[in-house]
Ligand code: C5P
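Residue numbers (my numbering): 2 to 209.
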């Protein structure tokens with residue numbers, strides 16, 4: 002069965018989606034990586050990220066490919082693996098602008114809908130726009146401080162700078178971030194990743 006896990010930036014979505022997928026033996030797909038790949042491709046081509054048509058042309062010329070595995074996703078841009086570059090701070094800063102273009106959203110949606118189901122889909126609008134019929138939907142939140150501290154464990158930057166950047170990205174993303182009416186909203190500030198995974202697996206089991 003399709004499972005959607007949406008939520009704010011750095012709310013633990015990828016870790017949780019990967020854990021749920023591994024427990025169920027299905028892949029998980031991080032939709033944010035496709036937005037990130039579109040942003041990185043545009044930045045490296047020197048395109049203004051406000052130019053949706055130029056970005057779409059770039060995606061037509063230099064193909065992006067996402068490979069889904071239960072333990073992680075890998076992304077190729079123009080045949081070169083770029084997974085490790087997708088979380089650079091320039092990409093963080095530009096990705097919301099790219100994701101604000103309806104043309105780019107349609108491009109991401111069609112990439113996702115072409116993948117063989119079922120899988121765990123993770124992002125912002127998986128439960129609302131992309132897989133509205135998914136029987137299990139979760140929406141994760143956490144306080145900006147907790148999210149910044151989690152990210153700071155993965156990056157050399159200061160937690161306070163990460164927190165400021167996260168708050169700015171929340172503000173820019175807020176048009177896309179609306180929990181599905183039938184999603185379970187979970188504040189993960191005081192929960193471990195395993196506790197969140199267990200709650201989702203319980204919901205899956207309850208659906209039979
Ligand atoms: O999930 P992640 O932080 O990697 O997503 C990067 C960015 O991609 C988000 O900040 C948001 O702008 C965009 N995004 C989106 N819709 C999704 C997934 C990501 O707009 N479903």
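Note that the Cβ used here is the ideal one computed from N, Cα and C, for glycine as well.
Keep in mind it's a predicted model, so treat the numbers as computed, not measured.
Assuming the contact rule is C-beta atoms closer than 8 Å, residue 11 and residue 151 should be a hit. Round their C-beta distance to whole Å, please. 6 Å
Is there contact here, the stretch 80-87 with the stretch 108-118, by at least three beta-carbon pairs under 8 Å? no
Just reading off the alpha helix (DSSP H) that residue 15 is part of, what are its end residues? 14-25
I believe residue 166 touches residue 99 by the beta-carbon criterion, under 8 Å. Please report the beta-carbon distance rounded to the nearest angstrom. Incorrect: roughly 16 Å between the Cβ atoms, too far for contact.
Cα-Cα, which of 121, 60 and 209 is closest to residue 106? 60
To which residues of the same chain is residue 127 closer than 6 Å at the C-beta, ignoring the five residues directly before and after it? 5 and 7
Integer Cβ distance of residue 185 from residue 143, believed to fall under 8 Å: No, residue 185 and residue 143 are not in contact; Cβ-Cβ is about 15 Å, not under 8 Å.
For residue 134, which of helix, strand or coil comes out of DSSP? coil
Nearest neighbour of residue 169, chosen from 119, 62, 104 and 94 [CA to CA]: 94
Who pairs with residue 77 in a beta bridge, going by DSSP? 66 and 82
Could you check what DSSP says for residue 141 in three-state terms: helix, strand or coil? strand
List the endpoints of the continuous beta strand (DSSP E) containing residue 187. 185-188
Less than 7 Å between the CB of residue 179 and some heavy atom of the ligand C5P, yes or no? no
Cβ-heavy atom distance between residue 33 and the ligand C5P below 7 Å? yes
Residue 170: beta carbon under 7 Å from a heavy atom of the ligand C5P? yes
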